[in-house]
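Here the structure comes first, spelled out in structure tokens, and everything after it is commentary.
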């Protein structure tokens, strides 16, 4: 019996492999599904599929009055629901033509920045744990817990707060809350130093993020990126600075920017600096908090104070009309963009003169940022896909709406 | 690359700094709450399981106006009323589908009689979905359980925090007063 060597007749070939990452993958931040075309370890093509968390928030908003649709905005970006509430009430206030009193504006600015802190903490923790470092995640969650405790003290809920109202805020803040918040913001910069000690100069972190997910300033603008994604590429666009709402024109803060073209590391630096700036804003709001009412004096649009409803006939009638019919609004349309932790969240309303919006449209930054993922991932490695998902900082609740 | 940078790279300076930080944390008090054993009490005005308030005579405060159901963003409150003798409105059924509820607290804000409340109770789990369809009797039972005594009277003050009592005057409003004593 003759034993022969196997003969290779044709040269060794590799084939492109198509794999599906998600929607249950823990590093895809919810239910993002990516279909990756791989050539070995290289990503040839990346196609995001969204919509697994679609709940029809925009359509639901059209079936509720302007006042009652507020809790829907909590469920967009559920880790910074305070910012979404603030965006919603600002848009509706512009449509109604009313303005919140000074104290309410300061409180809203304050709680919105707290929401920004809690969102950026989650972003930092999950971005870092996706890439492989567990310690900063556990460390960061401690601080987030304190912010959530403060939210609970403020309005009785930790995550889906529904605290701001059209024309102000639901209730005044307590002294206890203010004192505790001040203690927190004096201490928080040291915690940011801790995160930076662990992460910023770490060589593994730098290897994984520097030069990954590069996008130039021009491209970033063309893709419609906002928030940290745009500022990471060196453009200093921030809605809070350019179209100030609430009390942002009265506080002093800087817009941190990265360099052109920006990579994951630049965006990391920008967001960490944003946390410091948010801390500064909260500090100024607490220190300069003016006295006065927290609800606008606009009886046609805002619910009357509860103690008057319980004893006064006229206010009771107002309460009934506002809740069952909704406020009567002039016909027209309005778009208001606000700076949420993820980018620019816009609410667009078309009013047909009834108490319910004819059309409610949400411009969700996560949706726009998910669309840039193929551009960021192309040509990189599979491991960089995870870094890119972390850096675009999306929440699928907002992306799919 | 400067010599300082080379030294830092060779001696793992940034990694040792990070390790020192984690090592220091060993000597700090743990922040973890051992939840089922150690419970953190809910803050005042917490939005938990629903209850229907009783008045001083022990009867249900609700008159069946339906405002809570109209305002409810998730449409989980169902009220059925009928006309009784001398045209009085009678609440036949008052039901809340707790699994649909999003705990926004809008029903408490809407109610013109202070009849519906959200208690501080949040640890409810059952083995059937039906147990979460709260009927009037169950909701009144919740009131007896979670709002016994002065707690029920205090409820609305806590839900609205300081606002409702001093709405017209701004005295006693929370203002910045520096750091609290003893923490400086």
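Protein chains in written order, with my numbering: chain S, 1 to 401; chain C, 1001 to 1184.
The beta carbon of each residue, even a glycine, is placed where N, CA and C say it ideally should be.
If you're wondering where the values come from, they're calculated on a predicted model, not measured in any experiment.
Contact between residue 115 (chain S) and residue 63 (chain S) does not hold, since the beta-carbon distance rounds to 27 Å and is not under 8 Å. Straight through space, the alpha carbons of residue 225 (chain S) and residue 363 (chain S) are spaced by roughly 12 Å. Counting other Cβ atoms within 10 Å of its Cβ, residue 43 (chain S) reaches 16 or more and is therefore classed as buried. C-alpha of residue 238 (chain S) to C-alpha of residue 340 (chain S): approximately 10 Å in a straight line. Only 170, 171, 172, 173, 174, 175, 176, 177, 178, 179, 180, 182, 183, 186, 194, 197 and 198 from the stretch 166 to 198 of chain S bring a Cβ to less than 9 Å from some Cβ of chain C. In the three-state reduction of the DSSP assignment, residue 201 (chain S) falls in the coil class. Taking a Cβ-Cβ threshold of 7 Å, the residues of chain C close to residue 135 (chain S) are 1022, in chain order. In the structure shown, residue 1113 (chain C) adopts coil according to DSSP, grouped into three states. At a C-beta separation below 7 Å, residue 45 (chain S) has no neighbours in chain C, since its nearest C-beta there lies roughly 36 Å away.
For residue 1078 (chain C), the three-state secondary structure derived from DSSP is strand. Look at residue 1052 (chain C): its C-beta is not under 8 Å from any C-beta on chain S. In the three-state scheme derived from DSSP, where H, G and I count as helix and E and B as strand, residue 129 (chain S) is classed as helix.
Residue environment analysis places residue 259 (chain S) among the exposed positions, since fewer than 16 neighbouring C-beta atoms fall within 10 angstroms of its C-beta. Here residue 360 (chain S) is buried: its Cβ has 16 or more other Cβ atoms, across all protein chains shown, within 10 Å.
If only uninterrupted alpha helix (DSSP H) runs of at least 4 residues are considered, those enclosed by the stretch 79 to 146 of chain S are 81 to 96 and 102 to 131. Excluding residues up to 5 positions away in sequence, nothing lies with its Cβ nearer than 6 Å to the Cβ of residue 1178 (chain C) in the same chain. Taking the Cα of residue 356 (chain S) as reference, the smallest distance to any Cα among S:11, S:59, S:4 and S:251 is reached at S:59.
Closer than 8 Å to the CB of residue 1030 (chain C) there is not a single CB belonging to chain S.
The C-beta distance from residue 172 (chain S) to residue 213 (chain S) rounds to 44 Å, too long to fall under 8 Å, and the pair is not in contact. Taken through DSSP and simplified to helix, strand or coil, residue 151 (chain S) comes out as helix. Counting other Cβ atoms within 10 Å of its Cβ, residue 1055 (chain C) stays below 16 and is therefore classed as exposed. Flagged as an interface residue toward chain C: residue 72 (chain S), by a C-beta distance shorter than 8 Å.
Scanning its chain for C-beta atoms nearer than 6 Å, with the 5 sequence neighbours on each side dropped, one finds around residue 1158 (chain C) the residues 1044 and 1045, in chain order. Within chain S, the residues 202 and 203 have their CB atoms less than 8 Å from the CB of residue 1015 (chain C), given in chain order. Among the bridge pairs identified by DSSP, residue 42 (chain S) is matched with S:39 and S:381.
Against chain S, the CB of residue 1160 (chain C) has a partner CB under 8 Å away; the residue lies at that interface.
Contact of residue 105 (chain S) with chain C is not assigned, every C-beta pair being separated by 8 Å or more.
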